[in-house]
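Asker: My structure is below; once you've seen it, I'll send some questions.
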Amino acid sequence: MSLEFIVKSQKLNKRYGETIALKNVDIAIKRGSIYGLVGNNGAGKTTFLKIISGLTAADSGTFSLLGADNAAGYRSVRKRTGAIIENPGFYPKMTAKQNLEYYRIQRGIPGKETVDELLYLVGLEHAAKKKFASLSLGMKQRLGIALALMGEPELLILDEPINGLDPMGIIEIRKLLLKLNQEKNVTILISSHILTELENVATDYGFLNKGELVEEVAAEKLKEKCRTFLEVKVTDAAAYAALLETELLCSNYKVLPGNCIHILEHVDRVSDYSALAVKHDIGLLAFEMKEINLENYYMNLIGAENQTSDAQE
Amino acid sequence: MMNYIKSELYRIVHSKGIYLFTGICTALLLAMNITLSCFRGVEHFAYATTEFVFSMMWSALNVVFFLTLCMAGIVFAEEYKNKTIANSIAFGYSRITLYFGKILTGLIVSVAALAVVLAVFIGSAYLLLENSGIAALMTLLRGVGASLPILIAGETAALTLLFVIESSAGASWSWVGIMMGIPIASELLGMKFDFFKKLTGWLAYEVLQNGQQLIMIEEETEAGMSVEPQVVLSWMTQEGLTRMLLVGLIGTAVFLIWGIVGMRRKEI
Chain A
119 MSLEFIVKSQ KLNKRYGETI ALKNVDIAIK RGSIYGLVGN NGAGKTTFLK
169 IISGLTAADS GTFSLLGADN AAGYRSVRKR TGAIIENPGF YPKMTAKQNL
219 EYYRIQRGIP GKETVDELLY LVGLEHAAKK KFASLSLGMK QRLGIALALM
269 GEPELLILDE PINGLDPMGI IEIRKLLLKL NQEKNVTILI SSHILTELEN
319 VATDYGFLNK GELVEEVAAE KLKEKCRTFL EVKVTDAAAY AALLETELLC
369 SNYKVLPGNC IHILEHVDRV SDYSALAVKH DIGLLAFEMK EINLENYYMN
419 LIGAENQTSD AQE
Chain B
261 MMNYIKSELY RIVHSKGIYL FTGICTALLL AMNITLSCFR GVEHFAYATT
311 EFVFSMMWSA LNVVFFLTLC MAGIVFAEEY KNKTIANSIA FGYSRITLYF
361 GKILTGLIVS VAALAVVLAV FIGSAYLLLE NSGIAALMTL LRGVGASLPI
411 LIAGETAALT LLFVIESSAG ASWSWVGIMM GIPIASELLG MKFDFFKKLT
461 GWLAYEVLQN GQQLIMIEEE TEAGMSVEPQ VVLSWMTQEG LTRMLLVGLI
511 GTAVFLIWGI VGMRRKEI
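The listed protein sequences correspond, in order, to chains A and B. 119 is the number of the first residue of the first sequence in my numbering; add one for each residue after it. 261 is the number of the first residue of the second sequence in my numbering; add one for each residue after it.
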C-alpha cells in the first residue's frame, strides 16, 4: 500500500503539568521525504517524536503512522520504524556488538551477520567488543543510529542524531542518511539543533515554537526564501526594475515598498547593477549583499511569533 | 513475547550479575558444608550431617524470599536509567508485553539459579557430610516446593515496583516496606485488633517466617517414653501448605494487577 503521508498528525496536544509541550500540532510527513523538525529547547520536538514512537501519549488529537491510526496498529507498524529518542539507550556493561545482538534477537531479525553489517555501516566495526559505557559520545550516537537502522525501517525517527559527533562523523552520517533516503526511499524524521546540518539533508521543515507549529515548508520553498540576494535602494524603483529587465536581462527580483529591490539572481554582478543606476541617473541610496540561512530564518520566524504572542499577552 | 524473553535471556547470560549472585549464594552454602565437614567424626559433634544442613536450609527459606529482590534487580537491569525500555517500546512492544516478559524471564532465571545453588549445596552435603538418609532431603525439597508460590509473589512484587516506581532504590525500599513493614505493623495492631491478628497470618513474610511451631513428640525408647522437641513449619501441615499456596497466588495476582494498571499509560 502506497501512502502519501507516512506521518500525519491532527491537533496533537500534550501538557506536562502546567507546561504546554504541544498545542494543536498538525504535521504531515510525505513518504520519501527528510523532514527536519526545528525548534529551541522546550519547543516540543522531542515530545512530538515521543508520541509518534509510543513513549508517551497525547492528551488529545490524533495521528496516523504508516497508515495505522490506533494503538494496536501503531504497535504493529512500529516494527517498520527505527528510532533514537533523546540519548541512545543501551546496557552499559555489554559490548556494542552484544547490545545490537540483544535487539536483533528481540526484533526477531534473522542472521547474526546483521549486527556486523550494521557496525560496519556506522563505522564501529573496530569498537564491536568495547563495552557501551566505555564508548565516546560520538560512538554511542553511532551505535544508536545502527540500532535505528536495524531491520531496514521505512521510517527513521532521529532526535538530535549528530549530537557529539566529530565533523567527520557528521559528514558520514549525513551521507548515510541521504543514501538511505535516495536509494531505499527511507522517510526520515529528524530533529536537530544544528540547523546548518539540517539544511544539508532536509527536504521539508517543520518549525516549532513553544509547542506550536509555526510553519511547515518544503526545502525548495525555503531555499527561495533563504538565498543570498542584493538589496538595492534607489530613488526610482520602478524605473530601475524596468532597466534590470531590458539591459541586464534580469527577471528574478522583487520590488518592495520604499523603493527597495531585492535582486535574487546573478548576485555576483555587483558592478553591473551599480553601473546601471549611475548610467541612467537613478540615485543609488543603498547597496548591500544579504543572506538568510535556516538559522536566522528560524530566528526571524520565532522572533515575529514571540512578538505577536507577547503583544497578545 | 518469545523474542523478548529470548533477548532478555541472552542479556542475562552475557552479564556478570547473575554469575556473581549465584556464585556468592553457592559459595556461602558450600563454605558451610566445608566448615562442618572439618568436624566430621569429632565425638559429640552432631552437626556434620546432611540432616542438619538441610534443616538449616528449610528453616531459613525466608532468607531466600529476600533474595528475590536481588534477582529482580538483576533481571530489571535499570531499564529506565539505561533508557533501554524506550527502544523496545519504539519498536512496537506494548508496555504490558514488556512487563510480563520481564516477569517470565525473572522466573526462568530464578528457578535456574535456585536449581544450580541447590544442586551444589545438596551434592556437596552428600560428598562432605554424614549421610542422614533420604528423608532429610525430601523434607528440604518439599519445603522449597511449598515456598515457590510465595517466592514467585516476592519476585513479581519486586519487578512490579521496579517498573512502576522507576527508581531502583525507591522500589527496593518500597518492597521492604510492603513485605516487612506491613507485617510488623499488622502484628502490632493484632495485639489490639483481632482483624489484624488474622491478617498477619496471611501475609507472605509472616507465613514463611513465623510458621514455625515447636511441638513435643513423644517417642518410645528402650529407657521408656521420651519427649523430643521438633520444629514444625507451616508447610509441613496440609492447612499451612494450602495457606502458602493461596498467599502466593493472591500476592502474585495483586501485584500483577498493580503492574498492568501502572504500566498501561506509563510515560517513558
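Each residue gets a CB set at the ideal place from its N, CA and C atoms; glycine is no exception.
1) Between E235 of chain A and chain B, is there a C-beta pair that is closer than 8 Å?
2) Using the beta-carbon count (16 or more within 10 Å), is F455 of chain B buried or exposed?
3) Counting C-beta neighbours from all protein chains within 10 Å, is the total for Q128 of chain A 16 or more, i.e. buried, or is it exposed?
4) Using a cut-off of 9 Å between C-beta atoms, extract the partners of Y279 of chain B located in chain A.
5) Do E415 of chain B and M317 of chain B have their CB atoms nearer than 8 Å?
6) List the residues of chain A that Y359 of chain B touches, going by C-beta distances under 8 Å, in chain order.
7) Grouping DSSP H, G and I as helix and E and B as strand, with all else coil, what is S310 of chain A?
8) What is the C-beta distance between A186 of chain A and V195 of chain A, in whole angstroms, given that I count them as a contact (C-beta under 8 Å)?
9) Does DSSP put I400 of chain A in a helix, a strand or coil?
10) Roughly how many angstroms lie between the CA atoms of T295 of chain B and L288 of chain B, to the nearest whole one?
11) Assign N377 of chain A to buried or exposed, taking buried as 16 or more other Cβ atoms, counted over all protein chains shown, within 10 Å of its Cβ.
12) In this structure, does DSSP put I227 of chain A in helix, strand or coil?
13) Nearest CA to the CA of V332 of chain A: which residue from A:L140, A:K126, A:R198 and A:I124?
14) According to a CB-to-CB cut-off of less than 7 Å, which residues of the region 302 to 325 of chain A neighbour chain B?
15) Please classify N457 of chain A as buried or exposed, where buried requires at least 16 neighbouring CB atoms within 10 angstroms.
16) Between R193 of chain A and chain B, is the shortest Cβ-Cβ distance under 8 Å, so that the two count as touching?
17) Can you pull the DSSP bridge partners for K148 of chain A?
18) Would you verify that the beta carbon of A527 of chain B is, or is not, closer than 8 Å to some beta carbon of chain A?
19) Would you say S229 of chain B lies against chain A (beta-carbon separation less than 8 Å)?
20) Return yes when the Cβ of K132 of chain A is within less than 8 Å of the Cβ of A176 of chain A, no when it is not.
21) Counting contacts by CB-CB distance shorter than 8 Å, is A175 of chain A in contact with chain B?
22) Using a Cβ-Cβ cut-off of 7 Å (strictly less than) and excluding sequence neighbours within five positions of L516 of chain B, which residues of its own chain qualify?
23) Measure the CB-CB distance between V125 of chain A and I147 of chain A and report whether it falls below 8 Å.
24) Please report how far the alpha carbon of F314 of chain B lies from the alpha carbon of K458 of chain B, in whole angstroms.
25) Buried or exposed: which applies to T199 of chain A, given that a residue is buried once 16 or more other Cβ atoms fall within 10 Å of its Cβ?
26) Could you give the first and the last residue of the continuous alpha helix (DSSP H) run that contains S194 of chain A?
27) List, in chain order, every chain A residue whose beta-carbon is nearer than 8 Å to that of N342 of chain B.
28) What residue range is occupied by the uninterrupted beta strand (DSSP E) comprising I410 of chain A?
29) Since V385 of chain A contacts M407 of chain A with CB under 8 Å, what's their CB separation in whole angstroms?
30) For the alpha helix (DSSP H) that G277 of chain B lies in, which residues bound it at each end?
31) Below 8 Å on the Cβ atoms is my contact criterion, and I expect S428 of chain B with G333 of chain B to pass it. Report the Cβ-Cβ distance as a whole number of Å.
32) Apart from the five residues just before and just after L468 of chain B, which ones in its own chain have a Cβ nearer than 7 Å to its Cβ?
33) Please confirm if L288 of chain B has its CB atom under 8 Å from at least one CB of chain A.
Answerer: Result, derived from the coordinates:
1) Within the first sequence, residue 235 of chain A is the residue found at index 117, counting from 1. Not an interface residue.
2) To locate residue 455 of chain B, count along the second sequence from 1; it is residue 195. By the 10 Å Cβ count, F455 of chain B comes out exposed.
3) Counting from one through the first sequence, the residue named residue 128 of chain A turns up at place 10. Label assigned to Q128 of chain A: exposed.
4) Position 19 of the second sequence holds residue 279 of chain B. In chain order: nothing, as chain A lies at least about 12 Å away.
5) Within the second sequence, residue 415 of chain B is the residue found at index 155, counting from 1. Within the second sequence, residue 317 of chain B is the residue found at index 57, counting from 1. Contact: no.
6) Stepping through the second sequence from its first residue, residue 359 of chain B is reached at position 99. The contacting residues do not exist; Y359 of chain B stays about 14 Å from chain A at best.
7) Indexing the first sequence from 1 puts residue 310 of chain A at position 192. Coil.
8) The residue you call residue 186 of chain A lines up with position 68 of the first sequence. The residue you call residue 195 of chain A lines up with position 77 of the first sequence. Between V195 of chain A and A186 of chain A the Cβ distance is about 5 Å, and since that is below 8 Å, they are a contact.
9) As a first step, residue 400 of chain A is located in the first sequence; it is residue number 282 there, counting from the start. I400 of chain A falls in the coil class under three-state DSSP.
10) Your numbering for residue 295 of chain B matches position 35 in the second sequence. Your numbering for residue 288 of chain B matches position 28 in the second sequence. Cα to Cα, the separation comes out at about 10 Å.
11) Taking the first sequence and counting its residues from 1, the one referred to as residue 377 of chain A is at position 259. Buried, by the Cβ-count rule.
12) Here the question's residue 227 of chain A lines up with position 109 in the first sequence. Residue state, collapsed to three classes: coil.
13) Reading the first sequence from its first residue, position 214 is the one you call residue 332 of chain A. Of the listed residues, the one whose Cα sits closest to V332 of chain A is A:L140.
14) none
15) Outside the modelled stretch of chain A, which goes from 119 to 431, sits residue 457 of chain A, for which no answer is possible.
16) Within the first sequence, residue 193 of chain A is the residue found at index 75, counting from 1. Yes, contact with chain B.
17) On the first sequence, position 30 is the one that residue 148 of chain A refers to. According to DSSP, which records beta bridges pairwise, K148 of chain A is partnered with A:F123.
18) Here residue 527 of chain B refers to the residue found at position 267 when the second sequence is read from its first residue. According to the sequence shown, residue 527 of chain B is Glu rather than Ala. Yes, E527 of chain B counts as interfacial toward chain A.
19) Residue numbering for chain B in the displayed model covers 261 to 528; residue 229 of chain B lies beyond these limits and cannot be assessed.
20) As a first step, residue 176 of chain A must be located in the first sequence, where it is residue number 58. As a first step, residue 132 of chain A must be located in the first sequence, where it is residue number 14. Yes, the pair counts as a contact, with Cβ atoms nearer than the cut-off.
21) Within the first sequence, numbered from 1, the residue matching residue 175 of chain A stands at position 57. So yes, A175 of chain A belongs to the interface.
22) Within the second sequence, residue 516 of chain B is the residue found at index 256, counting from 1. Cβ neighbours of L516 of chain B beyond the five flanking positions: T416.
23) The sequence position of residue 125 of chain A within the first sequence is 7, counting from 1. The sequence position of residue 147 of chain A within the first sequence is 29, counting from 1. Cβ distance < 8 Å, so V125 of chain A and I147 of chain A count as in contact.
24) As a working note, residue 314 of chain B is residue 54 in the second sequence. As a working note, residue 458 of chain B is residue 198 in the second sequence. So the two alpha carbons sit approximately 31 Å from each other.
25) As a first step, residue 199 of chain A is located in the first sequence; it is residue number 81 there, counting from the start. Its Cβ being crowded by 16 or more others within 10 Å, T199 of chain A is buried.
26) One-based indexing of the first sequence puts residue 194 of chain A at position 76. Looking at the DSSP string, the run of the alpha helix (DSSP H) that includes S194 of chain A is A189 to V195.
27) On the second sequence, position 82 is the one that residue 342 of chain B refers to. Neighbours of N342 of chain B on chain A, chain order: G207, F208, Y209 and P210.
28) As a working note, residue 410 of chain A is residue 292 in the first sequence. It is not in any beta strand (DSSP E) - I410 of chain A carries neither H nor E in the DSSP assignment.
29) Locating residue 385 of chain A in the first sequence gives position 267, where the first residue counts as 1. Locating residue 407 of chain A in the first sequence gives position 289, where the first residue counts as 1. Their Cβ separation, rounded to whole angstroms, is 7 Å, which keeps V385 of chain A and M407 of chain A in contact under 8 Å.
30) By one-based count along the second sequence, residue 277 of chain B stands at place 17. Run containing G277 of chain B: K276 to S297, per the alpha helix (DSSP H) assignment.
31) Within the second sequence, the letter at position 168 stands for residue 428 of chain B. Within the second sequence, the letter at position 73 stands for residue 333 of chain B. Yes, S428 of chain B and G333 of chain B are in contact; Cβ-Cβ is about 6 Å, under 8 Å.
32) Here residue 468 of chain B refers to the residue found at position 208 of the second sequence. Excluding residues within five positions, the ones whose Cβ falls inside 7 Å are L321, N322, F325, S407 and I410.
33) Here residue 288 of chain B refers to the residue found at position 28 of the second sequence. No, its Cβ sits nowhere closer than 8 Å to a Cβ of chain A.
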